Amino acid sequence: MAQLPYTEPSRRIEDSIVQGATPPASEWFGTDEGTNGVSTAATGDKGAGAQAPIIEIDHVTKSFTDFIAVDDADFSIGQGEFFAMLGPSGCGKTTTLRMIAGFETPTSGAIRLDGEDVSRTPPHKRNVNTVFQHYALFPHMTVWNNVAYGPRSKKWDAAKVREKVDAVIEVVRLGEFAERKPSQLSGGQQQRVALARALVNEPAALLLDEPLGALDLKLRQVMQFELKRIQREIDISFVHVTHDQEEALTMADRMAVMNAGRVEQIGTPTDVYERPASVFVAGFIGQANLWPGTVESLADGHATAATLGSTVGARCFSPEVRPGKVVVMVRPERLSVAIERPDDTSAVQGTVTDLTFQGPVVRLSMRAADGHSVIAHLGPEDHLPGLRPGDRVWAHWPDDAACVLPDAPLPAVDDPDAVDE
1 MAQLPYTEPS RRIEDSIVQG ATPPASEWFG TDEGTNGVST AATGDKGAGA QAPIIEIDHV
61 TKSFTDFIAV DDADFSIGQG EFFAMLGPSG CGKTTTLRMI AGFETPTSGA IRLDGEDVSR
121 TPPHKRNVNT VFQHYALFPH MTVWNNVAYG PRSKKWDAAK VREKVDAVIE VVRLGEFAER
181 KPSQLSGGQQ QRVALARALV NEPAALLLDE PLGALDLKLR QVMQFELKRI QREIDISFVH
241 VTHDQEEALT MADRMAVMNA GRVEQIGTPT DVYERPASVF VAGFIGQANL WPGTVESLAD
301 GHATAATLGS TVGARCFSPE VRPGKVVVMV RPERLSVAIE RPDDTSAVQG TVTDLTFQGP
361 VVRLSMRAAD GHSVIAHLGP EDHLPGLRPG DRVWAHWPDD AACVLPDAPL PAVDDPDAVD
421 E
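Those letters in the sequence shown? Residues 1 to 421, by the UniProt record's numbering.
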């Protein structure tokens, strides 16, 4: 087996992802096929996309003494899919992962792994492995021996242990660190040791419980690309639990957004970001302007709505939307500003309250006549030189940049000058 040169992850993201610098999975693990490239998993409320489901969550509910942690979760995860479960603390995502792993038992419903009902199968008899935020590496063992611990405990043949451990250490790019102890490694390297230790057991799926949470911001961003690269190369399903929307958007083929024990939406990152199913999803994923509005007309997926003293156009994706009260959503990066109202575009007028330089964008806050906040992220081509707090401007956007959502209470706004709703 060829020895691959090691470079720091931040220097080889482009090579490893775009150019495919490492051999395919067939060379590492003897599989029939190599890497599957970018997943073609399709959006759906339950389906696992083009691939056959490896994990099925079939109307699963988990109740504890005084509350329901997971409420009728119903979805599938495809073979070779990177699937993220995303939501705030207490939403049920970790409990769902623990039920897949076997650490919790469903109150009702079924969990199937590769077609077999494992709802009451103990963890050690399930063909899944879990990587936690705290890696629990053996401090007295080398990287190689840490990775070999599982196969040895399973009484694998020594030659097979050597072959598989060497292979997976190369996949995670730790070949030259194989004889080091965990204390001699960086946080990102330790994370990859934990990943290798789980992968060497050849699980049907790898469960990731916020594995990047202990890393600093820069390293966490680098490791997002590393995890995705590794998942593509070995072609097994990754189920990733996180509260970090950037992690989910960066790595996932599909994601389930959870809130208060229920799955609010399942889809690709693009679907969830561009076509949120609810006010909660719109506000939780990315940043969003959310304004109260009233639909005046609705036809063929397009709505005309009154909001912030203006009449605007918007897309409509939800069958629950009817003429009447709605919430209008526009992402801040889709807004532009002008002194005069542009023709043939949706726009609202307001007073600039703040301008904040944030590197690639300037964050403009303005207050509409009714007191609601409007946030715009302006690139160099959009920013008006000389603009100051107190100036009157129009925030405008193309009709396809806005959408109308079923009416619901609005989340707390981040502008202290804006009215409460």
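Yeah, the Cβ is synthetic: ideal placement off N, Cα and C, and Gly gets one too. Just so you know, these numbers come straight off a predicted model, no measurement behind them.
- Contact annotation: the segment 330-349 touches the segment 376-388, with at least three C-beta pairs closer than 8 angstroms.
- Annotation for T250: the continuous alpha helix (DSSP H) segment containing it runs 245-251.
- Note on D157: under 16 other CB atoms within 10 angstroms of its CB, so exposed under the neighbour-count rule.
- Residue environment for L217: exposed (fewer than 16 other C-beta atoms within 10 angstroms of its C-beta).
- By the beta-carbon neighbour count (other beta carbons within 10 angstroms, threshold 16), S153 is exposed.
- In this structure, V128 keeps its C-beta atom at 8 angstroms or more from the C-beta atom of A148.
- In the same chain as Q224, and ignoring 5 residues on each side of it, the C-beta atoms closer than 8 angstroms to its own belong to L212, E246, E247, T250, M251, in chain order.
- Here V326 really is in contact with L405; their C-beta atoms are around 6 angstroms apart, less than 8 angstroms.
- By a beta-carbon distance limit of 8 angstroms, K62 contacts T107. Their separation comes to about 5 angstroms.
- The DSSP-derived three-state label of E202 is coil.
- Judged by DSSP in its simplified three-state form, A408 adopts coil rather than helix or strand.
- By the neighbour-count criterion, in which 16 or more other beta carbons inside 10 Å mark a residue as buried, E176 falls on the exposed side.
- Cβ-Cβ distances below 8 angstroms link L185 to V143, F177, V193 in the same chain, with the five nearest sequence neighbours on each side left out; the list follows chain order.
- From the listed residues N289, G313, V281, G283, the smallest Cα separation to E296 is found for G313.
- In this structure, N259 is the residue among R254, G150, N259, P360 with its C-alpha nearest to the C-alpha of D72.
- In this structure, Y273 is the residue among A256, G371, Y273 with its C-alpha nearest to the C-alpha of P332.
- Per DSSP, reduced to three states, the secondary structure at Q265 is strand.
- Secondary structure at E381: coil, using DSSP grouped into helix, strand and coil.
- For V171, the closest alpha carbon among the candidates K228, H140, F280 is that of K228.
- Going by DSSP, Q184 is part of no beta strand (DSSP E) at all; its letter is neither H nor E.
- Taken atom to atom, the span from the alpha-carbon of M329 to that of A303 is near 12 angstroms.
- Taking C-alpha positions only, T242 is separated from V263 by approximately 14 angstroms.
- For R197 and D114, the gap between their C-alpha atoms comes out near 22 angstroms.
- Counting the other CB atoms within 10 Å of its CB gives K155 a total below 16, which places it among the exposed residues.
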